[in-house]
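Please read the structure below before turning to the comments.
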Amino acid sequence: MYVKQIWRYPVKSMAGEQLQTARLTPLGIDGDRIVQVRRERGRIATARTWPDLLGFHATLDQDGEPLVDGKPWTDPAVLAAVRKLVGSDARLVHDEDLDRFDILPLLVVTDGAIAAFGLDGRRLRPNIVIGGVTGLEERTWEGGRILIGEVVIGIHDLRDRCNMTMVDPDTLAYDPKVLRDIVRRFDGKLALNCEVLVGGEIRVDQEVRVIRAGV
């Protein structure tokens, strides 16, 4: 098994960027979801309610600052575009606290699960895609650990999927059949909720080992 893809989403609920290397800490991948769209009382606005947020493309510049469609996230034009979609009370906020994540800081999926899913793996919003995995083997990994060089990732459980999976990452077309299919074929769960137990650097093509629970 090996690291097939690494993904980071500098602005929560926007399209992200594919990486060749990444640094992992207890807060997940460096630079992941460090800016959020927030509304009154600080509530985070996500693509579950405003799926067109996925049409914005967020990256990090060479100084580690988020860009949205090539513009600094602080550019008034970015905020204006977000407010046009979400509402006039929307703000873009830089916040690196742990509670910016819906569940845990890292989402891991395998190429076997993506193949079984049968659609673009970006719909699943993974941070790490592990290659060389047969079928739905990842569903037997709950409670185990993933080892990538010095990095140790703790596997908690399978991720309950939401309506973000119904949005085509390129066209933003909305297809309710996608989530119904996940419920029917995978009990509503795909990919693994994970945390970083020991941080460090990872890279694409690096070897991956899985230690199952109880071993």
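Quick note: the sequence shown uses this note's numbering, first residue 771, plus one each step. Backbone N, C-alpha and C fix where the C-beta goes; we use that ideal spot for every residue, glycine too.
If you draw a straight line from the Cα of Gly882 to the Cα of Thr795, it is about 26 Å long.
Gln788 is classed as exposed because its beta carbon has fewer than 16 other beta carbons within 10 Å across all chains shown. With contacts defined as CB atoms closer than 8 Å, Val922 and Leu868 fail to qualify as a contacting pair.
Bridge pairing for Lys959: Asp930 [DSSP]. The C-alpha of Val953 is placed about 15 Å away from the C-alpha of Ile884.
Under the 8 Å Cβ criterion, the segment 935–954 does not count as touching the segment 902–911, having fewer than three qualifying pairs. Around the beta carbon of Val985, fewer than 16 other beta carbons lie within 10 angstroms, which makes this residue exposed. Distance from the CA of Asp927 to the CA of Gln832, rounded to the nearest whole angstrom, comes to 34 Å.
In this structure, Arg803 is the residue among Leu797, Phe871, Arg803 with its C-alpha nearest to the C-alpha of Lys782. Counting only runs of 4 or more residues that sit fully inside the segment 778–809, no alpha helix (DSSP H) segment turns up. Out of Arg982, Trp820, Gly798, Gly801, the CA that lies nearest to the CA of Val807 is found in Trp820.
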